[in-house]
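Going down the list, the protein sequences come from chains X and Y. Per our numbering, the very first residue in the first sequence carries number 1; after that it's consecutive. Per our numbering, the very first residue in the second sequence carries number 1001; after that it's consecutive. Each residue gets a CB set at the ideal place from its N, CA and C atoms; glycine is no exception.
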Amino acid sequence: AQTVTQSQPEMSVQEAETVTLSCTYDTSESDYYLFWYKQPPSRQMILVIRQEAYKQQNATENRFSVNFQKAAKSFSLKISDSQLGDAAMYFCALPFLTQGGSEKLVFGKGTKLTVNP
Amino acid sequence: GAVVSQHPSRVICKSGTSVKIECRSLDFQATTMFWYRQFPKQSLMLMATSNEGSKATYEQGVEKDKFLINHASLTLSTLTVTSAHPEDSSFYICSATVAGGRADTQYFGPGTRLTVL
C-alpha cells in the first residue's frame, strides 16, 4: 500500500530565507511520480511541483525545488527566497492507479509553513 | 487552467437533514471526480471516486448510504450527506479529471464547509 509521511507538523522561516520541508513515502510501484501541493488559507489546493521517479534530475519550478532520493524514498521540498505568500499548508502526495484507470492521490498529513516578516 | 467550482461554499444545517454539494467542471469534461474530506488541521482523506455514468467507488470505512454520490453528467457530480449529524461537520473538497487522467491533471474545487448543528 502507498503511504506518505510528513514528520514536520509545523515549520517557520524568515522572509527571504530558505526552508526545506520533508516527506518520505512507500510504494511498491517502480514507475511513479510525486507531488507537492500548497493549501493557503483560502483552502484552494494548488499544485506546486511534480517529480517523476524515473528522472534523476530534481524538479525545479522557480523558487521551488525538490531533493528526490529514490533509494531512500525521500522527497523534500525546498523553498528559496521565502515570501509572505508562501505561508500555507504543504502536502506531499503520491498517486496510485484506480480500477477505472484514473489516478487517485494519497496525501501526507501536511506541514504548516509560517513565513515571518 | 481548468476550473472546478463547488456549490455551496459553506452550508449550515440542522442535525437530521440532508445536504447536497455540487462539483462542476466549468471548461472541460470530467469523466472522473474525487471527493475528499478534510477535518480542521488535518490532511485530505479520499472518500470516493465517481466515474460518469457508473456507481461511485467508496474508500474503506466510508458509508455509501450516508454519502450519496451521483455523477450523471460529464460536468457535474453531487455529494449528498444524508441525515447529517454534527460529526459530519467538515470541509469537503472535490477534484475532477479526464478519463485516464494523470494525478497532476486533477483540478481541485475550492471546497465546501459543512456545519451541522
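Check: Contiguous beta strand (DSSP E) assignments of at least 3 residues, all confined to the region 1006-1085 of chain Y; Outcome: 1010-1013, 1019-1025, 1032-1038, 1044-1051, 1067-1073, 1076-1081
Check: Own chain, CB closer than 7 angstroms to residue 76/X, minus 5 neighbours either side, in chain order; Outcome: 20, 21, 22, 23, 66, 67
Check: Local Cβ density within 10 Å of residue 16/X, reported as buried at 16 or more and exposed below that; Outcome: exposed
Check: Below-8 angstroms beta-carbon distance, residue 1039/Y vs any chain X residue; Outcome: no
Check: Contacts around residue 1016/Y, its chain only, beta-carbon distance under 6 angstroms, and the 5 residues preceding and following it disregarded; Outcome: 1083
Check: Cβ-based contacts, 8 angstroms cut-off: residues of the region 91-105 of chain X near chain Y; Outcome: 91, 93, 95, 98, 99, 100, 101, 102, 103, 104, 105
Check: Chain X contact for residue 1043/Y (CB, 8 angstroms cutoff); Outcome: yes
Check: DSSP-derived helix/strand/coil call for residue 26/X; Outcome: strand
Check: Inter-residue Cα distance where the pair is residue 1044/Y and residue 33/X; Outcome: 19 angstroms
Check: Within 8 angstroms, strictly: CB atoms of residue 1032/Y and residue 102/X; Outcome: yes
Check: Interface residues of chain Y facing residue 38/X [CB-CB closer than 8 angstroms]; Outcome: In chain order: nothing, as chain Y lies at least about 11 angstroms away.
Check: For residue 51/X, the first and last residue of its enclosing beta strand (DSSP E); Outcome: 46-52
Check: Those residues which DSSP pairs with residue 37/X across a bridge; Outcome: 47/X, 91/X
Check: Whether residue 94/X touches residue 106/X by CB criterion (8 angstroms); Outcome: yes
Check: Residue 1090/Y vs residue 1106/Y beta-carbon contact at 8 angstroms; Outcome: no
Check: Span separating the alpha-carbon of residue 72/X from that of residue 55/X; Outcome: 15 angstroms
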